[in-house]
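Using the working numbering, the first residue of the sequence shown is number 19, and each one after it goes up by one.
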Amino acid sequence: MALKVQEECRCIKCNGTMINIAEIGLQPIGGLAFVTHGHYGSTYFDPMDAQSYLEIALCDDCVRDAERTGIIHREEPPRKITSFLKKQRVRRKWERSA
Ligand SMILES: [Zn+2]
Numbered sequence: 019m020a021l022k023v024q025e026e027c028r029c030i031k032c033n034g035t036m037i038n039i040a041e042i043g044l045q046p047i048g049g050l051a052f053v054t055h056g057h058y059g060s061t062y063f064d065p066m067d068a069q070s071y072l073e074i075a076l077c078d079d080c081v082r083d084a085e086r087t088g089i090i091h092r093e094e095p096p097r098k099i100t101s102f103l104k105k106q107r108v109r110r111k112w113e114r115s116a
């Protein structure tokens with residue numbers, strides 16, 4: 019299947035236009051792109067052929083709004099404890115005990 023080069027793509031939520039810098043697929047400026055090969059449970063798209071997929075673009079404004087309202091969940095790795103933070107923790111502990 020030949021993939022079509024798209025110079026623009028649209029946000030799935032607000033239909034806003036973004037510039038697509040990818041030669042194949044989507045890589046929007048000012049947004050994110052997602053690919054799914056389908057999921058068990060979908061009544062719309064679950065081809066089970068390991069080749070078919072849907073590609074979706076979502077603009078940054080829609081991501082930000084969805085995260086603010088709890089629709090998107092962000093997971094991040096734990097922060098590294100630097101020596102500066104360790105010193106701050108020790109100082110706070112000491113101040114509380116004084
Ligand atoms: Zn949008």
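Ideal Cβ placement from N, Cα and C applies to all residues, glycine included. Computed from a predicted structure; not experimentally measured.
### Task
Could you name the residues of the same chain whose beta carbon sits closer than 8 Å to that of E26, not counting the 5 residues immediately before and after it, in chain order?
Residue mapping note: residue 26 aligns to position 8 of the sequence shown, counting from 1. Closer than 8 Å at Cβ, skipping near neighbours: T35, M36, I37 and N38.
### Query
Roughly how many whole angstroms lie between the Cα atoms of R110 and P96?
Counting from 1 along the sequence shown, the entry for residue 110 is found at position 92. Counting from 1 along the sequence shown, the entry for residue 96 is found at position 78. Near 21 Å, if we compare the C-alpha coordinates of P96 and R110.
### Query
What residue range is occupied by the uninterrupted alpha helix (DSSP H) comprising C29?
For the purposes of this step, residue 29 is taken as residue 11 along the sequence shown, with counting starting at 1. Segment: none, C29 is in no alpha helix (DSSP H) and carries neither H nor E.
### Message
On the CB-based measure, 16 or more other CB atoms within 10 Å of its CB, does G88 come out buried or exposed?
### Response
Here the question's residue 88 lines up with position 70 in the sequence shown. So G88 ends up on the exposed side.
### CB of A75 within 9 Å of CB of R28, strictly
If you number the sequence shown from 1, residue 75 lands on position 57. If you number the sequence shown from 1, residue 28 lands on position 10. It is a contact, given that the beta carbons lie within the stated cut-off.
#### Entry: Closer than 8 Å: L76 CB and nearest ligand 1 heavy atom
Position 58 of the sequence shown, counted from the first residue, corresponds to residue 76. Yes, the Cβ of L76 comes within 8 Å of a heavy atom of ligand 1.
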